[in-house]
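One structure is given here, and the rest of the page talks about it.
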Amino acid sequence: MKKSELPISPHLQIYKPQITSILSITHRITGVCLNFLILFVSLWLLSLSLGENIYNYFIEFSNTIFMKLVMSISIFGLSYHAMNGIRHILWDFGFFLNNLSGLISGIIVILSALVLSILLIFKLGIIS
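The numbers in our numbering rise by one with no breaks, and the one at position 108 of the sequence shown is 94.
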């Protein structure tokens, strides 16, 4: 391969995925997706102000299997984003900055987000 054909900088295909990089990308993705959750909550609040008929229609739509799945995924995204945000704050204070603690804290973030989401999903009555 000629030197002129070589890439200027390393590409994603060269790197082996690591838990820290995957969690970082996932944190950014959940942050963007949570904006849609804000839109959904805003529509819910709007339906409250538009009268009982529209509110009842919104609640009926929210009780479909599809929306329960969307809400469950949104709750996991919110839980994950919150737990990983706490991890980032701890990093900002200088805690858990070596490779091993980064891996362990990443696993703790995933497990705590799963537990928190399951608790919230059942507590909020999304799944009975």
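All C-beta atoms, glycine included, are put in the ideal place defined by N, C-alpha and C.
**Asked** Could you give the C-beta distance for Ile5 and Leu89, rounded to a whole number, given that I count them as a contact under 8 Å?
**Response** For the purposes of this step, residue 5 is taken as residue 19 along the sequence shown, with counting starting at 1. For the purposes of this step, residue 89 is taken as residue 103 along the sequence shown, with counting starting at 1. 6 Å between Cβ atoms; contact.
**Request:** Give the straight-line distance between the Cα atoms of Ile59 and Phe22, rounded to the nearest whole angstrom.
**Result:** The residue given as residue 59 occupies position 73 in the sequence shown. The residue given as residue 22 occupies position 36 in the sequence shown. Here the alpha carbons of Phe22 and Ile59 stand approximately 12 Å from one another.
**Asked** For the segment 90 to 102 against the segment 63 to 70, are there 3 or more C-beta pairs whose distance is under 8 Å?
**Response** yes
**Asked** What is the rounded straight-line gap between the Cα of Val101 and the Cα of Ile75?
**Response** Along the sequence shown, one-based indexing puts residue 101 at 115. Along the sequence shown, one-based indexing puts residue 75 at 89. Their backbone Cα atoms lie some 21 Å apart in a straight line.
**Message:** By the DSSP assignment, the alpha helix (DSSP H) with Phe47 in it spans what residues?
**Reply:** For the purposes of this step, residue 47 is taken as the residue at position 61 of the sequence shown. Phe47 -> alpha helix (DSSP H) spans Glu38 to Ser48.
**Given Leu29 as reference, the closest of Phe44, Asn85, Ser65 and Gly17 once Cα atoms are compared** = Against the sequence shown, residue 29 aligns to sequence position 43. Checking every option, the nearest Cα to that of Leu29 belongs to Phe44.
**Message:** Helix, strand or coil for Ser(-3)? Go by DSSP, reduced to three states.
**Reply:** To locate residue -3, count along the sequence shown from 1; it is residue 11. A small correction: the amino acid at residue -3 is His; Ser does not occupy that position in the sequence shown. DSSP places His(-3) in coil when its eight states are reduced to three.
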